[in-house]
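A.B. asks:
Number of protein chains: 2
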Amino acid sequence: MASGAAAVPGGESLLFLTDEQLRKGIEAMFFAYRAFTADPDRILENHQYGRAHHRAIHFINRQPGLTVNALLAMLGVTKQSLNRVLRTLVEDGLVEARVGRTDKRERNLFLTAKGATLERELSDAQRARMRAAYRAAGPAAVAGFRQVLEAMMEPEMRRFYRNGRDGGA
Amino acid sequence: MASGAAAVPGGESLLFLTDEQLRKGIEAMFFAYRAFTADPDRILENHQYGRAHHRAIHFINRQPGLTVNALLAMLGVTKQSLNRVLRTLVEDGLVEARVGRTDKRERNLFLTAKGATLERELSDAQRARMRAAYRAAGPAAVAGFRQVLEAMMEPEMRRFYRNGRDGGA
DNA sequence: TTGGAAAGTCAACATCGCTGACATAAAATC
DNA sequence: GATTTTATGTCAGCGATGTTGACTTTCCAA
């Protein structure tokens, strides 16, 4: 199963596919992801919320009016898990769940002004770190970063990922 | 707080630093990380272990003989959390905790043959996904991927990250 | 009109973080 | 030698977040 260095017929080195290089990538994901979530986690503490609340808020902000089912698919959790989170957000007045216009079984989710404020606070913190990393690495590195991550995610998620409004690149 | 497009004195575009681009990066991290952990998670289920066990096993394998304190620093959890995990791993015969030679308070951690087997199983799965992503994106993208992740992680973690034996690149 | 999808709810449980308190052994220091 | 600090282990309890299973309500659509 171990893949060592090799040369492809065409001649390019495959040194970047050695187990050592892959291990570095794995650890980079671990360390970077922890830093990536640390900033919003600190903010959430003050509000008695957790990471699950952040994720819900993020995707509701990104696509206002999305249904519970759509959110479920993006988050990849059970409706029971999500429901617990959504209920507190609705009770606390951060999220509004409007009965669907065409299909009244559905709930269309929206951030209230209060919800949007928290969303801004959370994403500002997360963007600040991302921006610093992007700036330090430069545009070419960022393009590579996005390519590798996109290749790594599940194909179904790639659909959601690409559906977001994108500024190009 | 919103940073729009701009041009740097030198003339290069800063379009890659727009809020939209940052949001895409944030979502890419979320989706990719979930895929990244999904494969080992599936294996761990069969063994009644969780992600915390995987992380401990990974770092003990990477640096055999490391102390509990060193592992604690890398994982960024409390000793109580780690202890619960380590205890089960020792009880199940996956990890050996040897009393330190020079400082008898310390415990040096090693994988047993059984532990190494599980480690291999877990990391094979994780490497397979990483390898596929690397291959799809190509060496230049991989370099950028690593640059951005390294810039994103906490400086203290960067030390651990770089200390690993690296095959260059 | 009836079947099934969407949503909500309740109960129980596991993992894995956390804090706080305390015990032990050994190193380090006064 | 006595004291303090460090490394580790352990117990109890809590909270967030995930799970499965069972059940109800609502309501669209065939």
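These protein sequence lines are chains A and B, in that order.
Residue numbers 24 to 192, in the numbering used here, belong to the letters of the first sequence in order.
Residue numbers 24 to 192, in the numbering used here, belong to the letters of the second sequence in order.
Idealized CB from N, CA, C, for every residue including glycine.
Predicted model, so just to flag it, every value in this text is computed and none were measured.
In three-state terms, what does DSSP make of THR111(B)?
C.D. replies: helix
A.B. asks: Rounded to the nearest angstrom, what separates PHE53(A) and LEU172(B) at their Cα positions?
C.D. replies: 9 Å
A.B. asks: Whole angstroms is fine: what's the gap from LEU38(B)'s alpha carbon to ALA160(B)'s?
C.D. replies: 22 Å
A.B. asks: What are the boundary residues of the alpha helix (DSSP H) that PHE168(B) is part of?
C.D. replies: 162-175
A.B. asks: By the criterion of Cβ-Cβ separation under 7 Å, what are the contact partners of PRO162(A) in chain B?
C.D. replies: PHE39
A.B. asks: Give the DSSP-derived three-state secondary structure of THR41(B) in the structure shown.
C.D. replies: coil
A.B. asks: Below 8 Å on the Cβ atoms is my guess for ALA10(A) versus TYR184(B); work out the distance and round it to an integer in Å.
C.D. replies: Missing from the structure shown is residue 10(A); chain A here goes from 24 to 192 and no further.
A.B. asks: Nearest CA to the CA of MET176(B): which residue from GLU177(A), ARG154(A) and ARG121(A)?
C.D. replies: ARG154(A)
A.B. asks: Please name the residue, chosen from ARG65(B), LEU98(B) and ALA136(B), that lies closest to VAL113(B) on a Cα-to-Cα basis.
C.D. replies: ALA136(B)
A.B. asks: Applying the criterion that 16 or more other CB atoms from any shown protein chain within 10 Å of the CB defines a buried residue, is GLY123(B) buried or exposed?
C.D. replies: Around the C-beta of GLY123(B), fewer than 16 other C-beta atoms lie within 10 Å, and the residue is accordingly described as exposed.
A.B. asks: Can you tell which of LEU45(B), THR41(B) and ALA55(B) has its C-alpha closest to the C-alpha of ALA182(A)?
C.D. replies: Per the sequence presented here, residue 182(A) reads as Arg, with Ala not at that position. If we check each option's Cα against that of ARG182(A), ALA55(B) comes out closest.
A.B. asks: Going along chain A in order, which residues have a C-beta closer than 9 Å to the C-beta of ILE49(B)?
C.D. replies: PHE59, HIS81, SER146, GLN149, ARG150 and MET153
A.B. asks: Is it a yes or a no for the segment 58-74 of chain A touching the segment 67-81 of chain B, going by three-plus beta-carbon pairs under 8 Å?
C.D. replies: no
A.B. asks: Hey, quick one: how far does the alpha helix (DSSP H) through LEU17(B) stretch, first residue to last?
C.D. replies: This structure does not reach residue 17(B), given that chain B is present from 24 up to 192, and the question cannot be answered.
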